[in-house]
Each structure stands twice: as C-alpha cells, then as structure tokens.
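Novice:
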Amino acid sequence: MATATQTQTGVINLQEERRQPQSMTRIVVRRFFAHRMAVVGVILLALIVLYVTVGAFFFTEAYANKTNVRAKFAAPSADYPFGTDSVGRDVMARTIYGGQISLAIGVVAMSISVTLGTLIGLAAGYFGGLVDAILMRLVEAILTIPLLILLLLLSRALMEISSSTTVILGREISVTVVVIVIIIGLTSWMGLSRIVRSLVLSLKEQEFVVAARSMGAGNGRIIFGHILPNCVAPIMVSATLEVGVAIVIEAALSFLGFGVMPPTATWGNILNGARQSIDDLWWLWVAPGALIMMTVLAINFIGDGLRDAFDPRSIK
Amino acid sequence: MGKYIIQRVLQAIPLVFIITMLVFVLMKIAGDPLAYLAQDPRVRPLDRLVLRAKYGLDDPMVMQFIYWVFGDEGVERPVDVDNDGETDFTAVGVRRGIIRGDFGESIRFRKPVTEVIGQFLPNTLLLGTTAFVVTIILSLVIGVFAALRQYTLADNIITAGTFITYSMPVFLLALILVQIFAIQFRRWGLPSLPVSGMYDPRGNQSIDELVRHMILPVASLALINIAGWSRYIRATMLEVINSDYIRTARSKGISERRVIFLHALKNASLPLVTLIGLNLPFILSGAVITETIFSWPGMGYMYINALDQFDASLVVAFVLMIAVAVVFFQLLTDVVYAWLDPRIRYD
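Keeping their order, the protein sequence lines are chains Z and U.
Under the working numbering, the final residue of the first sequence carries the number 306; numbering is consecutive throughout.
Under the working numbering, the final residue of the second sequence carries the number 908; numbering is consecutive throughout.
1) Interface residues of chain U around W272 of chain Z at Cβ under 7 Å?
2) Any Cβ of chain U within less than 8 Å of the Cβ of G290 of chain Z?
3) What residues in the segment 716 to 739 of chain U have a beta carbon less than 9 Å from any beta carbon of chain Z?
4) Alpha carbon to alpha carbon, how far is M251 of chain Z from V238 of chain Z? Give it in angstroms, no decimals.
5) Return the residue from the list U:F585, U:T851, U:V876, U:S700 that minimises the CA-CA distance to I737 of chain U.
6) Among Z:G88, Z:G295, Z:S145, which has the Cα closest to the Cα of M27 of chain Z?
7) In terms of residues, what are the limits of the alpha helix (DSSP H) holding S67 of chain Z?
8) Just to make sure I have the definition right: I need the residues of chain Z whose C-beta is within less than 7 Å of the C-beta of F843 of chain U. Which are they?
9) Count the other C-beta atoms from every protein chain shown that fall within 10 angstroms of the C-beta of T134 of chain Z, then say buried if there are 16 or more, exposed otherwise.
10) If G89 of chain Z and Y41 of chain Z are in contact, beta carbons under 8 Å, what's the gap, nearest whole angstrom?
11) Quick check on P858 of chain U - is its C-beta less than 8 Å from some C-beta in chain Z?
12) Are the segment 616 to 628 of chain U and the segment 836 to 855 of chain U in contact at 8 Å, needing three or more beta carbon pairs?
13) Which class does K672 of chain U belong to by DSSP, given the choice of helix, strand or coil?
14) Taking only beta carbons into account, state which residues of the segment 236 to 262 of chain Z come closer than 8 Å to chain U, listed in chain order.
15) Taking N684 of chain U as the reference, give the member of U:V636, U:P639, U:L754, U:H774 with the closest Cα.
16) Quick one, are the C-beta atoms of I110 of chain Z and S183 of chain Z less than 8 Å apart?
17) Measure from the alpha carbon of P752 of chain U to the alpha carbon of each residue in U:Y760, U:A743, U:M759, U:G646, then state which is nearest.
18) Give me the DSSP bridge partner(s) of I163 of chain Z.
19) Going straight from the alpha carbon of A54 of chain Z to that of T156 of chain Z, what length do you get?
20) Alpha carbon to alpha carbon, how far is Y616 of chain U from A783 of chain U? Give it in angstroms, no decimals.
21) Name the residue from U:V888, U:M860, U:A886 whose alpha carbon lies nearest to the alpha carbon of L875 of chain U.
22) Among residues of its own chain, excluding the 5 on either side of I883 of chain U, which ones have a beta-carbon nearer than 8 Å to its beta-carbon?
23) Between the alpha carbons of V577 of chain U and A131 of chain Z, how many angstroms are there, rounded?
24) Please decide whether K306 of chain Z counts as near chain U, where near means a Cβ-Cβ distance under 8 Å.
25) Within 8 Å of any Cβ in chain Z, is that where the Cβ of I865 of chain U sits?
26) List the residues of chain Z whose Cβ lies closer than 8 Å to the Cβ of S846 of chain U, in chain order.
27) Look at the Cβ atom of P832 of chain U, then the Cβ atom of T809 of chain U, and state whether they are nearer than 8 Å.
28) Report all residues from its chain with a CB closer than 6 Å to the CB of A83 of chain Z; omit the five preceding and five following residues, and keep chain order.
29) Pick out the complete alpha helix (DSSP H) segments inside the segment 5 to 58 of chain Z, 4 residues or longer, and give them in chain order.
30) I'd like the ranges of any beta strand (DSSP E) spanning at least 3 consecutive residues and lying wholly in the segment 636 to 721 of chain U.
31) How many Å lie between T(-1) of chain Z and I821 of chain U at the Cα?
32) Could you tell me the distance, in whole angstroms, from the CA atom of A288 of chain Z to the CA atom of V30 of chain Z?
33) What residue does the alpha helix (DSSP H) around E197 of chain Z start on, and which one ends it?
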C-alpha cells in the first residue's frame, strides 16, 4: 500500500520499498526514462505528432490539396511559410497532412509486419521440423532480394488497379496508401521472425513450458499464454524501429514515383517534386526531408532506449 | 574443408530453387507480359493469339514454370483461331530456358536481356566499387580512430555525426549534396560539380570528366554506409582492445603502434570480412535511388525504367540475377570466414 507506507517513518518506508518487488513493466519504464537519448527521442516525436495534429486546425485538407498554378514554385514567404510546389500547393499544409499519412503508414505497416513476424517465428520455433524448414527457407529466399527492389516490383505490379481514392475514417485517401501499407508490411517481417524463432527454440525446452504441458495445456495455450509473453522485449524493440524503417521506405518509394499518388500527400511524395527539377527549389525538400529525418532519429533513439531498458545486463 | 564447401553448396541449391519459384510467382502477379500489345493498333487479334501460343501463356502454371526454367524448344502448341475445333496454326516454342541463360528479349531495347544487362552493368560496377572502396577505407579510419579515443570529445562528435547520417534517407543526403556542391557553388562562382549522367553532354568523355561526374554519387553512397560501418568497426575494435591477448601483447613491451595495427586490427577485421562479403552482391543491384537522382546509367536506373515501361523479362532477369549473386556471396563469405578463422569448426 503506497499510501500506508508514506505515513510511516522514513526508515520503515525505505525497508518497505526494498522488500516490495517491482514489476517488470515498472523496471523497464524506470530504466527507459533514465536513458537520456530515449527521452530526447520521446520529446522530439511528441513535437512532430503535435505538429501534424495541431497544424490540422489551421489548414483544411482541401486547402492542402488545392492547386493554384499562378502561385507555383513560390519561395517561402508570410503567406506560404514553406513555399509552394509545382502546382502551387502550400508545402506547409502538405507536410502537416502528409505527416499524418506518413506516420499512419509507419504504424499500420509495422502492425502487419510485427504480427506476421511474431506468428511465423512462433510457428517455426515451436513446431520445428518441416514447418520450420519451409518457413526459414522462405525467409532466406525473400531476404536475397533487396527490399527496395522487391517493393518497387510489387508496387508496379499492384498499382495499375488502384488509381482511385477511397474513404478511410471519414477522409478521402488515395488507394495507393493502402497498397503501400500492405506491401511494406508483407515484406518486412523476416528479421523479427528469425529473432522470435531463436527465442522460442530455447524457451520451449524450459521447465515452465514442460510444467504447463504436463498440466495438460494445449499448444495454443503454451504458445500464446507462456511463450509469447517472454518474447515481448525483442518484439517491442523491433516494432519501434520498424515504424521508422516503414516511413523511410514509403518516402523512398514515393520519391521515386512508385508510392503514394497525389492528391494525398505524404512526406515522400512532397519530395518527389524536388526530383523533377534540379533548379534551386530547396523549399520543396528541406521541410519534408527534415521531418522524415527527425522522426527516424527520434524513433531510433527510442528503440535504443527500449533495448537497453529491456536488457537485464544493463542494470543502472 | 572440402566437405564443408560441398555441404554449403548443397544447402544453396534448394534456396536457389525457392528463389526461382518466388521470382516466377512475382512475374505472374505482375501481369500479362503481352499487355503492351493491346495499345498497339497495328497488332491484330490473330497475332496476339499466335504470340500467346508462342510464349505458352495459356499452358498450366506448372508447365509454364518448367518451360521458363528449362526451355520449350520443339514444344508444339496448336492454335484454333476461329474456334471450329480444327487447328489453324501450330506455334513451336523456341526458348532455351533461364538455366541456359535465355532470359528472353527486352521489349524496349529489342535485344536479348543478357546483352542489355551487360550494357548497364559496367557503369554500376564502376560507381558501386568506387563507393565501396571509399566506404571501407574511411570507415576503418574513422572506426579505429573513435575506438582508440573512446568517450573523448572527438569520439562523441563522430558518434553524433554517424547517428544523424544513419537516420538520414539516402535521397535527402543526395539532395543536400546537390544543393551545396552544384547549386550554391555555381552561385558563389566556385567550380561546381555536375549532377547528371557520366559525361558532359558535349564533352570529350575524358577520365577527368568521368571523375567529376562520379564525385557526388559516390559521396552520397559512401557517406550513408560509412555511418553504419564505422560504428560497427568501432564496436569490434573496442572488444578486441579490451581482450586478454592484447593486454599480453602490451605487457611484453611491444610498441603501441604494433599492438594496434598488427594484433588488434587483424582480429577486429575478421567480422569485417562478413560485412564486406554480404554487401558485395548489392553493388550489382546498383543504387536505385542514387542512380536515379544523378541519372547514372547503371543497373538501378535501368531497373526503374524497365519497371516504368513494364519490360517484364528485363525486370525478372535483374531480380533473379541479384538474388543468385546474394546466395553465391553468402556461400563464399562463409567459406572464406571458415578458412580465415581456425576457431570455426566446419563439421
């Protein structure tokens, strides 16, 4: 009882604290916030999220997508703080709405890839034998094709059927967003599945699993009730870093013209405008580029912090 | 050792088979290779039927895969143009199969795919190898330097720099370099660097011209890799420096220079063999983004254009070639590593 110990004398209070076992979550949270760079990462990411959400109250999405040919390639000014693009759209408004899409793509693609990676890793590690052999050969085979090259091919193959828009959560969004999210999710689970598999291989031989089995627990209960909770640490670290990877990959695809199509903005396809001309149009790429970089930097810091916080060897 | 090599080769064979199947499935997902004919008014429906038969596009999928791999020379396919149950025409297969190097013809270049790849590959190798060598040398220098001065101001500055570069997408770095060294330099009246192609449009194609065109793409490729690699070298170097045999070497009174460069660096460069071996095949794939930004006529640039025009056989040959190269270099790396490091058992 926290309130009870506070009313007692200092000495007893200290002993109480020492005796009180700390939950794993509390230890991890405490260690995470003791990590200076991780805190910087959290603050930086919070600022970026604030920018793309609060910013949306100042501009409407219709404004962000509105073209105005007479104001094209305008340099940054009071009217357009980040300038305008090749068809006169406000770059600042587009970085706000594009940021929402880019961050959403990162999170949803991460969810797909983490779910797949975890399930496949669990299956390969737990069942072993033929299941393991087939799944791991598949992982090896996919990993031989460079990610960007595979994604460009998939994007080209699937894009033809999707030059339209759809309504998601009350917003009209290019179908290409959905395609990109799915193909990024489907092509980036291999690393995590290998990590989970190797963990499961050692976990399934341990006493608590044998005990659970001897008490009559089925495969499903053992996998999801006993083994999965012990894999949380690497899954969370991978999930965090994967958000950053997915954002960069989306940006690269959109930059090359194989990603999200206008009118829907993403940080990547704002940059695509900069690819079209090598003239001095720095404002086309500085703002979205800096936002991508800061987001990825923040996510990498948070991932590093999480890794250290979960690591039992790094006791501080 | 011989047994180990044979064992690794035997492991690689099913992998290559799975990759081939995967690429075939990708090719089928990517759609109809004759779709481009639909837009051509000169192509009659009859011609399309004949072509479909020639390439066996209506065969069962399993047979299509087998023909694609092993060839379909002499395979006859009857074509019934008017649907009257009689054979009006017999198409005979002429493909020799990818196993014998027949990847088909590029629809854009109207040449065998292997020839087209042979035309772009040298440019990519030139750019990629230069960037690779620059990366290895600079990351060794930076990594060893940072490890020897751990936690000093210089080390911290290097750490911060690598972290920022590491989080930077390659296209952003390339755009920054272009802005500074091409656009701003020209404005300031300084000698600016070219940003497009391998030679000047009306140049004399000299070595000097080529080198100037290479500086920016090589710099963007190398800088990104140096960030990750120098961290890696710093970490392995630190591990080695703090090990017992280095302390022994020092206690014997060997000069510090000898300890670092002969004893420590030699052992620290072992993991580097893996890093180099596993990254070598990716030189072949070219740097899609960098080559596109700088219009460098290499493999990555060719790939993007082939995708744009849906040059299916070129795309497939390219993807398959890289995948097989990756498998080959993985094998080579394992063998070299086992040979270099006697601690590795290969039985």
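Yeah, the Cβ is synthetic: ideal placement off N, Cα and C, and Gly gets one too.
A quick note: this is a predicted structure, and the numbers were derived from the prediction, not measured.
Specialist: For this structure:
1) Near W272 of chain Z (Cβ distances below 7 Å), the residues of chain U are Q740.
2) It should be noted that the sequence gives Asn, not Gly, for residue 290 of chain Z. It does: the Cβ of N290 of chain Z has a partner Cβ on chain U nearer than 8 Å.
3) Residues F724, I725, Y727, S728, M729, P730, V731, F732, L733, L736, I737, V739.
4) Roughly 16 Å between the two C-alpha positions.
5) Taking each of U:F585, U:T851, U:V876, U:S700 in turn and checking the Cα distance to I737 of chain U, the smallest one comes out for U:T851.
6) Of Z:G88, Z:G295, Z:S145, the smallest CA-CA separation from M27 of chain Z is found for Z:G295.
7) According to the DSSP assignment, S67 of chain Z belongs to no alpha helix (DSSP H), since it is labelled neither H nor E.
8) At a beta-carbon threshold of 7 Å, the residues of chain Z lying near F843 of chain U are P136, ordered along the chain.
9) Buried is the label assigned to T134 of chain Z, since at least 16 other Cβ atoms lie within 10 Å of its Cβ.
10) Confirmed, about 7 Å.
11) Judged by the 8 Å Cβ criterion, P858 of chain U is not in contact with chain Z.
12) With a cut-off of 8 Å on Cβ pairs, the segment 616 to 628 of chain U is not in contact with the segment 836 to 855 of chain U, counting fewer than three such pairs.
13) Looking at K672 of chain U - three-state DSSP - the assignment turns out to be strand.
14) Within the segment 236 to 262 of chain Z, the qualifying residues are V238, A241, A242, F245, L246, F248, L261.
15) Considering only alpha carbons, the answer is U:H774.
16) Cβ distance < 8 Å, so I110 of chain Z and S183 of chain Z count as in contact.
17) Just measuring C-alpha positions, the residue of U:Y760, U:A743, U:M759, U:G646 sitting nearest P752 of chain U is U:A743.
18) The beta-bridge partner set that DSSP reports for I163 of chain Z consists of Z:T156.
19) So the two alpha carbons sit approximately 18 Å from each other.
20) The alpha-carbon of A783 of chain U is positioned some 43 Å away from that of Y616 of chain U.
21) In this structure, U:M860 is the residue among U:V888, U:M860, U:A886 with its C-alpha nearest to the C-alpha of L875 of chain U.
22) Only P842, F843, L845, S846 meet the Cβ criterion.
23) V577 of chain U and A131 of chain Z have their C-alpha atoms roughly 8 Å apart.
24) With a pLDDT of 42 at K306 of chain Z, under the threshold of 50, the predicted position of this residue should be treated as unreliable, and no value is reported.
25) Chain Z, which has a Cβ nearer than 8 Å to the Cβ of I865 of chain U, makes this yes.
26) What S846 of chain U touches in chain Z: P136, I139.
27) Contact flag unset, no.
28) Closer than 6 Å at Cβ, skipping near neighbours: F49, Y53, A54.
29) Complete alpha helix (DSSP H) runs here, min 4: 14 to 24, 26 to 44, 51 to 55.
30) Runs found: 637 to 640, 650 to 653.
31) Caution applies to T(-1) of chain Z, whose pLDDT of 46 falls short of 50 and renders its modelled position unreliable; the model cannot decide the point.
32) Straight across, the Cα-Cα distance linking A288 of chain Z with V30 of chain Z is about 7 Å.
33) Its alpha helix (DSSP H) spans residues 197 to 204.
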